[in-house]
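Note sheet for the following structure.
Chains as they are written, first to last, in our numbering: chain A, 1 to 309; chain B, 1001 to 1309; chain C, 2001 to 2309; chain D, 3001 to 3309.
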């Protein structure tokens, strides 16, 4: 359990977990197992499954627009689901829905929210006071700017350089919270002789490594799209770890759809028309070079990397 | 039960209803009661609740971004939900989701699908053969064109005029299905000496009173928007009856949110700035006429109707 | 020009084309050339470009969030746009928008509308009377049901079978319009002794090969998604011809983005992780069979077809 | 012109403004006048219109699905547009589209992005280095927490309290940028003896009063929805000033639709069914009290405020 949960919050979660009721809806035992639990991510963040509906069978049922459970055999379900995934027949996957409670740094939240096909309720810092919780990268994530990729990381910082960076992030964060508290001038230790600043203004001094939290609800098709972009190796590490935690959730929830997603979206690749022509020539035993390929240098390099050559 | 369900379909539904499993998710007993059942609409249509998640408490929980159940007292929940509805804080209502199986005439489906914030899987007439099921208005719905509203109905047709219209609709529908079947030339009674036409082509002769069906999934906020437009008195009767059936479903599912919706959206009204100025003058005892009001004749007439004057 | 335009409509279009005004907005000469013109599709349908904004440079400008025109050299623009397309950085393509006026059969409209990320205004048959215009397939499109693909076409119908089908479609369509007119009982030839049926009801007897029309507005990214699905060989012919007409429009509008789209989406392919492993083994000279591949028979067959083996 | 534009940016804007080309598309002279210009908002922010299509006539044209310009008389257009607005026939308003370049503090951007029905390209702080530009409230905006509204402002801070707050915000912001620059360790004054931190990490120390910028594209209907929420008196001042700037833009662009929007959405009000019943009783001369009204105290108070009683 992440230390970020207070005893009271932990008790609320346990109380919710202790309750059960009978339902006619499809249930997924493997997902019920972890329902409401905070799955830790980063230093203070988490992902909690708050609700869900649908399962692998619901995807089949929707594809068939059937009255009952869809096909009878698991192997038929698997073939159909893989076929749907392969041919981007995406609507049946939209028939499964999940609701998560996520705690995450603001700069991660700002990338995350770019996915518009989801429902969001965020904790309001206009209304409430934020806790003193901010993200500090672990030493194995403290990397220099990449020299080859303008939006990526390169070598790890080491020794005094790492220490200097960590200290600077921590000190600035601590200072920011002190200013925030001083501006608010609320609660214990408040100075009754002066008015505090409105919450909606005071919050502006907190850096984007501050933790926020939200309820986030999305269907499985759009979740797969989110994961394919945010679990990708080009995504920033700090959002990728959330995407990875959610992939594990999906594996529990819809294992067949999850497997198809991993095969077709995560470990698969898209090949362009000219790239496909190159592959065919290579398979025919031709010795193709970049110059003969019709591909730009960059496209050629990416294709060769994909093919492991 | 509508006659449109075959014995086999009815059995599938009963089998699904007979199964129960424990869940940690919130459940709504009043909705579980009717889960999977076909609620009849029009002559062969229905609405079936296939899945749901969330309840009134989930709206509160999302508005508070809380770990447990939100507020403790029902009266607090009610006040908060009404406040959210009144001030169009719509995102917490998006945290409830429902999936329906709907059977409906194509011309109704074409109005329905204009609501884009929903997920849909429709029965495919490219892939499958449609049944011989078409909508014929009941006698009390067979109305003449309205003389005052270009998109509305006026007086009922009576006697021979009504009979003539009903017969014409029924005969054309029957003829169309005969042509469809003849074009397909499949199954029992098929003529082996000639090829049938592809299903994706043959279907084009069926009129838009033909029944189709789909799985339709939507969140409560967008459902309210759908209902406010389609349960409105300006909506065509044939879609309004579906909207009314769904309002009953929502009443079972989220009774507090349903009540707020009825009060603020269905029985309430929007008043323009100039209209509000008129109301204030009237309340002050002034005798306002259309000419003095700044409203056009039509706006004035609509306002007076709203005020029951 | 399609015969479906009346002289009056044609005159309105010519009048609109005759007007020009200076603008500071980016303009695309090749698209202005065909602006407002009806590009014929099927027997009575068309696509007309009614408005547009953005061009290839606007994609670059948005990707750079720049104050002026983005990069200076065309070759840089091309590399950037291809990079964006390759890596599914789709948001800059959303900065171009187009508005079309489309006339199309109802059964095509029903497939088309499934793309939700567009704006639509459809001609209302509740409000207005539909013309006598319906789609009849050309002889080279009158095909039997495919025996291998449940949602596809097989061999062409020939001789008397074709004639029989065409006649049946035409006769049913003519009958339907006669019933529709009789039910309406409006205008010339109306029988004053009996009331007509409301338009919103009478329309229900018209088959789905009836032509409707709408204004349809979409951004370039979502248009590409639409085209990738509807210009695909698995799409029904009757919608594919619209998609093809729009591809030509996009080629005039954003030629660089169009080329990237054709290379990466239309002629390219998606390969699964297991499929990629097979390609690598084949490239390494290994003789892989389906049994050794880890792919199902169907996945294997599709991969071999893609690779032209 | 806001001081936030560099001379180079200003020159790019002027160069873009200097270019004109003829177009067949509808143009709006009043909007062309300010095209590309930065309209200043807050201390360093702005709104710039980068592109647009459609005008009041396009709304009418879409509502009519017409070939030419829609109705002929301005007064007819006005009546139709007001009718559409009054009855929430929103789709014709979606046929106008606008693209803005906006510079705004991150905490404002986070509220803004909650409107999902828009397209966005934001300046990337993973890729680029942010300028030293942060928001500091003007003295007349430095307010205490409201004592009656948990998410609002109360009395202005004065004298030393105001000074203390301003100084604290400015100092923390300056400190944060110093840490950011030190972490990056790039460019002039960089220390070659140590590696800098990756941009995507270093940025996390910047507070949410930092300015970011984006291209933002939206249709007129969804823009009205955005404005009705963000120009509302309950919205935070710092986003309201952007909404107000955009209202002026819309007034230039689609003056008739703008007027209807102001009358029906901005100065108008929604009345609940029980509230409407109260108004009717008051108009009938009855002396209604809260207790007799069926309204809660809060609902009653809000209604009386609306009615100016």
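Ideal Cβ positions, reconstructed from N, Cα and C, are used throughout, including at glycine.
Query raised in the report: Which same chain residues, not among the five before or five after residue 297 of chain A, have their C-beta less than 7 Å away from its C-beta?
Result: 290
So, with DSSP's three-state summary, where would you put residue 2222 of chain C? DSSP places residue 2222 of chain C in helix when its eight states are reduced to three.
Subject >> Complete runs of the beta strand (DSSP E) confined to the segment 1123 to 1176 of chain B [at least 3 residues] >> reply: 1143 to 1145 and 1153 to 1156
Under 8 Å, with one C-beta from each stretch per pair, do the segment 2121 to 2141 of chain C and the segment 2073 to 2084 of chain C reach the 3-pair mark? no
query = Under 8 Å between C-beta atoms, does residue 2218 of chain C make it to chain D?
reply = no
Going by Cα to Cα distance, which pick from A/284, A/280, A/211 and A/58 is closest to residue 110 of chain A?
A/211
*Kindly give me the distance between the Cβ atoms of residue 1049 of chain B and residue 1059 of chain B, rounded to whole angstroms, as I take these residues to be in contact under 8 Å.*
The Cβ separation is near 18 Å, so there is no contact.
So is residue 88 of chain A buried or exposed if we call it buried at 16+ other beta carbons inside 10 Å?
exposed
Along chain A, which residues have their Cβ under 8 Å away from the Cβ of residue 1123 of chain B? Simply 65.
Separation of residue 3207 of chain D from residue 3171 of chain D, as counted between CA atoms: 12 Å
Show which residues of chain C have a CB atom less than 7 Å away from the CB atom of residue 1182 of chain B.
-> 2168
Just how far apart, CA to CA, sit residue 1156 of chain B and residue 1143 of chain B?
4 Å
I need the boundaries of the beta strand (DSSP E) containing residue 2100 of chain C, first residue and last residue. Following the DSSP letters along the chain, one finds residue 2100 of chain C inside the beta strand (DSSP E) bounded by residues 2097 to 2105.
So the beta strand (DSSP E) residue 3042 of chain D belongs to, where does it begin and stop? From DSSP, residue 3042 of chain D is part of no beta strand (DSSP E); its letter is neither H nor E.
Can you tell which of A/163, A/197, A/169 and A/145 has its C-alpha closest to the C-alpha of residue 3150 of chain D?
-> A/197
Nearest to residue 3005 of chain D (by Cα), restricted to the options D/3094, D/3076, D/3103 and D/3027: The residue among D/3094, D/3076, D/3103 and D/3027 with its C-alpha nearest the C-alpha of residue 3005 of chain D is D/3103.
- Query: Out of curiosity, what's the CA-to-CA distance linking residue 3168 of chain D and residue 179 of chain A?
  - Reply: 7 Å
Exercise for review: Please list, in chain order, all residues of the same chain as residue 3177 of chain D whose beta carbon is under 8 Å from its beta carbon, the five residues on each side excluded.
Suggested key: 3132, 3134 and 3206
*asked:* Measuring straight from C-alpha to C-alpha, what distance separates residue 288 of chain A and residue 275 of chain A?
replied: 11 Å
- From the beta carbon of residue 1264 of chain B, is the nearest beta carbon of chain D less than 8 Å away? yes
(message) Whole angstroms are fine: how far does the CA of residue 1173 of chain B sit from the CA of residue 2204 of chain C?
(response) 10 Å
Identify the continuous alpha helix (DSSP H) that holds residue 3331 of chain D and give its terminal residues.
This structure does not reach residue 3331 of chain D, given that chain D is present from 3001 up to 3309, and the question cannot be answered.
Quick one: what does DSSP say residue 2 of chain A is sitting in, helix, strand or coil? Low per-residue confidence applies at residue 2 of chain A: pLDDT is 49, beneath 50, and the placement is therefore not dependable, though the value from the model is reported in the following sentence. Coil, per DSSP.
**Asked** If we ignore side chains and look at the alpha-carbon of each, how far apart do residue 2145 of chain C and residue 1064 of chain B end up?
**Response** 56 Å
Can you name, in chain order, every residue of its own chain whose Cβ lies under 7 Å from the Cβ of residue 123 of chain A, other than the five neighbours on each side?
-> 212, 213 and 214
Kindly indicate the opening and closing residues of the alpha helix (DSSP H) around residue 3306 of chain D. 3297 to 3306
Contact with chain D by residue 2040 of chain C, beta-carbon distance below 8 Å:
no
Rounded straight-line distance, which links the Cα of residue 1268 of chain B to that of residue 3301 of chain D:
17 Å
Strictly below 7 Å CB to CB, what residues from chain D border residue 1251 of chain B? None at all; the shortest Cβ gap to chain D is about 16 Å.
Given residue 258 of chain A, which residues of its chain have a CB within under 6 Å of its CB, disregarding the five upstream and five downstream residues? Once the five neighbours on either side are set aside, the close Cβ partners of residue 258 of chain A are 250 and 251.
Q) Under three-state DSSP, which class holds residue 1036 of chain B? A) coil
- Task: Check the C-beta distance from residue 2304 of chain C over to residue 3119 of chain D and give it rounded, since I have them as a contact under 8 Å.
- Result: With a Cβ gap of about 40 Å, residue 2304 of chain C and residue 3119 of chain D do not count as contacting.
>> Going by DSSP in three states, residue 2191 of chain C sits in which element: helix, strand or coil?
In response: coil
- Query: Does any residue of chain B bring its CB to less than 8 Å from the CB of residue 3270 of chain D?
  - Reply: yes
Item to check | residue 1251 of chain B in three-state terms, based on DSSP | outcome: helix
*Of all the CB atoms in chain B, is at least one closer than 8 Å to the CB of residue 2195 of chain C?*
yes
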